[in-house]
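Trainee: With full-length UniProt numbering, letter number 25 in the sequence shown gets 25, and the count goes up by one each step, no holes. Virtual Cβ for every residue (Gly too), placed ideally from N, Cα, C. Provided herewith is a single structure, encoded as structure tokens, for subsequent inquiry.
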Amino acid sequence: RGRTEILKVHGSNKKFDTDVSLEVIAMRTPGFSGADLANLLNEAAILAGRRGRTGISSKEIDDSIDRIVAGMEGTVMTDGKSKSLVA
1 RGRTEILKVH GSNKKFDTDV SLEVIAMRTP GFSGADLANL LNEAAILAGR
51 RGRTGISSKE IDDSIDRIVA GMEGTVMTDG KSKSLVA
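Shown next as structure tokens:
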């Protein structure tokens, strides 16, 4: 429920195709933070623009989820200085 509300806030200024459901996106994104959800919708909007689309389709949502999940998996801070800066 909380993710759906976050998606509504961040999606209020975006145009979605009729096949996109914010409730379905919320169910598909467990563990995503509010910032991750905002990034997801922004990434989908960028992809839609690059593809010459007037609205965000489920294809852009799918591709954006894949990119964000891949980014989460690849984010490893091995540098001690970076770890102390974050802490």
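Using only the alpha-carbon positions, how far apart do R67 and V20 sit?
Mentor: When rounded, the distance between both Cα atoms is 18 Å.
Trainee: Buried or exposed for S33, please, with buried defined as at least 16 other CB atoms from any protein chain shown within 10 angstroms of its CB.
Mentor: Burial call: exposed.
Trainee: Taking Cβ positions, are L40 and S64 nearer each other than 8 Å?
Mentor: Taking 8 Å as the Cβ cut-off, L40 and S64 qualify as a contacting pair.
Trainee: Can you list, in chain order, the residues of its chain whose CB lies under 6 Å from that of I6, leaving out five sequence neighbours each side?
Mentor: For I6, where only same-chain residues beyond five positions count, the Cβ hits under 6 Å are G34, L37.
Trainee: Look at the alpha carbon of K14 and the alpha carbon of A70, and state the distance between them as a whole number of angstroms.
Mentor: Taking the straight line joining both Cα atoms gives about 24 Å.
Trainee: Is it buried or exposed for I25, if we count other Cβ within 10 angstroms and need 16 for buried?
Mentor: By the 10 Å Cβ count, I25 comes out buried.
Trainee: Measuring alpha carbon to alpha carbon, tell me which of G31, S12, T18 ends up nearest R3.
Mentor: If we check each option's Cα against that of R3, G31 comes out closest.
Trainee: Going by the CB atoms, is the gap between G55 and F16 shorter than 8 Å?
Mentor: Yes, the Cβ-Cβ distance between F16 and G55 is below 8 Å.
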